[in-house]
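**Student:** For the sequence shown, the numbering used here gives the first residue as 1394, with consecutive numbering after it. Think of the CB as a built atom: it goes at the ideal place given N, C-alpha and C, for glycine as much as any other residue.
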Amino acid sequence: LDEASFAPSDFNVDQERKDAATAAEELFVQDGWDAMGNDLPGMPAWNVSLEQCQAQCEADRSCLALTYDKKHAACFMKDNGSILVRNPDAVMAVKGAIKANLQYSSLVFAKDTVVIGAAYANVRSSYADCVVACAADQRCLGFNFDGPNKMCAMLDSVTSSSPFKGVMSSVKATRS
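1. Out of Val1478, Leu1500, Arg1479, Asn1494, state which residue places its alpha-carbon closest to the alpha-carbon of Leu1457.
2. At a cut of 8 Å, does the stretch 1441-1453 reach the stretch 1500-1518 through at least three beta carbon pairs?
3. To the nearest angstrom, report how far apart Pro1437 and Pro1481 are at their CA atoms.
4. Please identify the residue among Lys1504, Ile1509, Gly1540 whose C-alpha is closest to the C-alpha of Val1516.
5. Between which two residues does the alpha helix (DSSP H) harbouring Gln1449 extend?
6. By DSSP, does Cys1533 sit in helix, in strand, or in coil?
7. With 16 other CB atoms within 10 Å as the buried threshold, where does Val1427 fall?
8. For the stretch 1520-1529 and the stretch 1455-1470, state whether three or more C-beta atom pairs, one from each stretch, are separated by less than 8 Å.
9. Got a sec? Which residues, its chain only, sit under 6 Å from Trp1439 by beta carbon, not counting five neighbours each side?
Set out below in structure tokens:
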């Protein structure tokens, strides 16, 4: 390379590469889904519109996905997006660069409810990490998250549920 010479045209980017770069940065929006975890530091941004949230993400190269909380006008920008869960109060957007990595979870959520079943793992974690861990694990059929104690119990069998204050739970929906 010491003897090599290059013309400026050698570094021109063709239209196909420009289009691919644009697609990687473009946000794909989906209403009713929440991208769990991976929040950037300082999140959420409060009192913003969905459009403002999208504009902030597009302007920040470290933002690859976002969840917008419609009920609380809150923007959660994320450095990744892997597990999506149903949430009627959320709008999710993801940049094209990671769109193919998304997994749509069948988890169904309940608040102040404990799921009865066989626990195979009990770990200290955040709620988002508990959701992501269960969604990504084939063995996990549901979980209980004890908010006050920050404990996640993952279950490989589920038999019933009952009211229990402070516990957020979920079971994977199955097709019959």
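**Tutor:** The answer reads as follows:
1. The residue you call residue 1457 lines up with position 64 of the sequence shown. Here the closest residue by C-alpha is Asn1494.
2. no
3. One-based indexing of the sequence shown puts residue 1437 at position 44. One-based indexing of the sequence shown puts residue 1481 at position 88. Going by the C-alpha atoms only, they are around 18 Å apart.
4. Reading the sequence shown from its first residue, position 123 is the one you call residue 1516. Taking only the C-alpha atoms, the option nearest Val1516 is Gly1540.
5. The residue you call residue 1449 lines up with position 56 of the sequence shown. Taken as a continuous stretch (DSSP letters only), the alpha helix (DSSP H) holding Gln1449 covers 1443-1452.
6. Position 140 of the sequence shown, counting from 1, holds the residue named residue 1533. In this structure, Cys1533 counts as coil in the three-state DSSP scheme.
7. Position 34 of the sequence shown, counted from the first residue, corresponds to residue 1427. Correcting the residue type first, residue 1427 is Asp in the shown sequence and not Val. Asp1427 should be labelled buried.
8. With a cut-off of 8 Å, the stretch 1455-1470 and the stretch 1520-1529 do not count as touching, because too few Cβ pairs lie within range.
9. Counting from one through the sequence shown, the residue named residue 1439 turns up at place 46. Taken in chain order, the residues that qualify are Ala1467.
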